[in-house]
Amino acid sequence: MIHFPSENSGNSASHLKLDAPAFVSKQSEETAEANSQSQFVATGIEKGKPKNVLLSTLRELVKNKFSQWVEVRCLLDVGSQSCLCTKACAERLQLRMERVNTVVSCVNDASMIVKNCVKTSVANRDKSFERELLMLVVNKITDFIPNEREYENLGHLERVVESSEPLTQYYIPHHGVQRPDKLTTKLRVVFNASSPTTTGIGLNDILMKGDVIEDVFQTISRFRRHKFAFTTDIQKMYRQILIDPDQQDLQRIVWKMGPNAEVSAYRLKTVTYGMSNAPFLAIRKDPAAAGRR
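With the working numbering, the residue at position 120 of the sequence shown is 1259, and numbering never jumps.
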């Protein structure tokens, strides 16, 4: 987890104030008082709300003990006032751990005592941006969400096993969107087919989007003509529609099925949420809608 302070000071690691006062939950007040140093990290959620958070991810370069750049996965949390690093990552980089005694507290009444920190430099992949950071070392930052497993079990996704690459392919960035109020799909995967390639354009820029024509007045009027009426929902509507196998390599993604598994390439076999033509294809494949055209 990385947090960059807004100020552009010379000493970029100085924003982590190990002697700063902390916001600590009531049940942790005694623990906090016993520790001379504490730190507020606002990464929680309001009390009484679901305690799951989905954060943006990226891959960055981090210097190891030997000042060599190593690629690691990072989370961006705009609410955090401190940087965190997992113990496993610090050990992998062989970073020197310094002793601290601070309390990490969140706004959802959660807190823990942190005993170590590390200092290192991070940079983006082309090294046009670099900054030194001081990070608190914790055992765990996130939980793994194996949502793509469902795609594979339902036949909506398959692993790429060919050794040769096709002439035309596109890898779609994706992230999760949590909807705790939904009864069925509480976690939806959103695919960003608008992400540009090295050419400067994305897949959505060259797709024929189609035209979804819906006369709302006519639909409501027709609905009111009948004595009885009901509404329903089509489960996984987009994913009920297979696309041409010759075009499935335009819907590739990278994924790993476990925290320690290897990253593999997969191709999506169905109409995908996040493609600009998905609404049109879904309507056209609906027999009732197609019959009205």
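We put the beta carbon where it would ideally sit given N, CA and C, even for glycine. All of these numbers come straight from a predicted model, not from anything done at the bench.
#1: Counting pairs of beta carbons, one from the segment 1272-1280 and one from the segment 1353-1364, are three or more of them closer than 8 Å?
#2: If you count every other CB in all the chains shown that lies within 10 Å of the CB of N1263, and 16 or more means buried, which is it?
#3: Taking the C-alpha atoms as reference points, what is the distance between P1418 and V1351?
#4: Decide yes or no for the touch test of the segment 1361-1374 against the segment 1397-1411: beta carbon pairs closer than 8 Å, at least 3 of them.
#5: Pick from V1393, G1397, K1375: whose alpha carbon is nearest that of Y1412?
#6: If L1273 sits next to C1256, beta carbons under 8 Å apart, how far is it from one beta carbon to the other, in whole angstroms?
#7: Please say whether L1389 and L1342 have beta carbons closer to each other than 9 Å?
#8: Leaving out the 5 sequence neighbours to the left and right, which residues in its chain are closer than 7 Å to N1331 when beta-carbon positions are compared?
#9: Does the distance from the C-beta atom of L1223 to that of K1204 stay below 9 Å?
#10: Go through its chain and collect everything with a Cβ distance to E1210's Cβ below 7 Å, but skip five positions before and after it.
#11: Have a look at K1408 and V1239 and give me their C-alpha separation to the nearest angstrom.
#12: Where DSSP assigns a beta bridge to I1252, which residues make up the other side?
#13: Assign L1293 to one of three DSSP states: helix, strand, or coil.
#14: Within 10 angstroms of the Cβ of S1195, are there 16 or more other Cβ atoms? Answer buried if so, exposed if not.
The short version:
#1: no
#2: exposed
#3: 7 Å
#4: no
#5: K1375
#6: 6 Å
#7: yes
#8: I1311, P1312, H1313, G1413
#9: no
#10: R1198, L1200
#11: 50 Å
#12: V1242
#13: coil
#14: exposed
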